[in-house]
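Residue numbers (this note's numbering): 209 to 323. We put the CB at the ideal spot given by N, CA and C, even for glycine. Because the structure is a prediction, the values reported are computed rather than measured.
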Amino acid sequence: QVRLVESGGGLVQAGGSLRLSCAASGRIFGINAMSWYRRALGEQRELVATLTSGGSTNYADSVKGRFTISRDNAKNTVYLQMNSLKPEDTAVYYCQVLGTINSYWGQGTQVTVSS
Numbered sequence: 209q210v211r212l213v214e215s216g217g218g219l220v221q222a223g224g225s226l227r228l229s230c231a232a233s234g235r236i237f238g239i240n241a242m243s244w245y246r247r248a249l250g251e252q253r254e255l256v257a258t259l260t261s262g263g264s265t266n267y268a269d270s271v272k273g274r275f276t277i278s279r280d281n282a283k284n285t286v287y288l289q290m291n292s293l294k295p296e297d298t299a300v301y302y303c304q305v306l307g308t309i310n311s312y313w314g315q316g317t318q319v320t321v322s323s
């Protein structure tokens, strides 16, 4: 059974940094991409960053230049380094792994940025 566990969320002041981690356990056939999404209170889920199996990255305009997605294959972990955080980055952050057959989601980790 595949399981994704996020960590690294918390409360930080504006301008600060956090690094989110998403550790995958279980067997995933053919990972096509790993992504981070977020959902702010009362808002729709938003794609934040994607890292494809080929190494390409894509970011939401709102986080370009501030967030970096990366992956440690040996640890089956995907990271989201978040710098220069803003209050509008406050949300629950979810990781997603898109496999050949299924997609998998973590339970989410809360990020709160105070002004």
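Residue environment, residue i, which counts as buried when at least 16 other CB atoms sit within 10 Å
| i | result |
| --- | --- |
| residue 221 | exposed |
| residue 195 | Because residue 195 is not part of the residues shown, which for the chain are 209 to 323, the question remains open. |
| residue 249 | exposed |
Spatially closest choice to residue i from the options, by CA coordinates
| i | options | result |
| --- | --- | --- |
| residue 254 | 297, 283, 226 | 297 |
| residue 203 | 238, 267, 260 | Outside the modelled stretch of the chain, which goes from 209 to 323, sits residue 203, for which no answer is possible. |
| residue 293 | 248, 274, 318 | 274 |
| residue 277 | 285, 212, 219, 257 | 257 |
| residue 209 | 320, 322, 259, 236 | 236 |
| residue 289 | 240, 227, 216, 309 | 227 |
| residue 264 | 322, 279, 225 | 279 |
| residue 315 | 301, 260, 243 | 301 |
| residue 309 | 218, 240, 223 | 240 |
| residue 262 | 242, 248, 323 | 242 |
| residue 303 | 223, 244, 270 | 244 |
Neighbourhood of residue i by C-beta, 8 Å cutoff - its chain only, sequence neighbours within 5 removed
| i | result |
| --- | --- |
| residue 283 | 231 |
| residue 251 | 299 |
| residue 295 | 222, 321, 322, 323 |
Chain-order list of residues whose beta-carbon lies under 6 Å from that of residue i (same chain, five-residue window excluded)
| i | result |
| --- | --- |
| residue 312 | 210, 212, 305 |
| residue 229 | 215, 216, 285, 287 |
| residue 291 | 225, 274 |
| residue 320 | 219, 298 |
| residue 259 | 242, 265, 277, 279 |
The beta strand (DSSP E) enclosing residue i, as first and last residue numbers
| i | result |
| --- | --- |
| residue 406 | One cannot answer for residue 406 here, as it falls past the ends of the chain, which runs 209 to 323. |
| residue 249 | No beta strand (DSSP E) contains residue 249, which DSSP labels as neither H nor E. |
| residue 279 | 275 to 280 |
| residue 296 | First-last for residue 296: undefined, no H or E at that position. |
| residue 319 | 317 to 322 |
Proximal residues to residue i (C-beta, below 7 Å), its chain only, five neighbours per side dropped
| i | result |
| --- | --- |
| residue 234 | 209, 210, 211 |
| residue 238 | 307, 308 |
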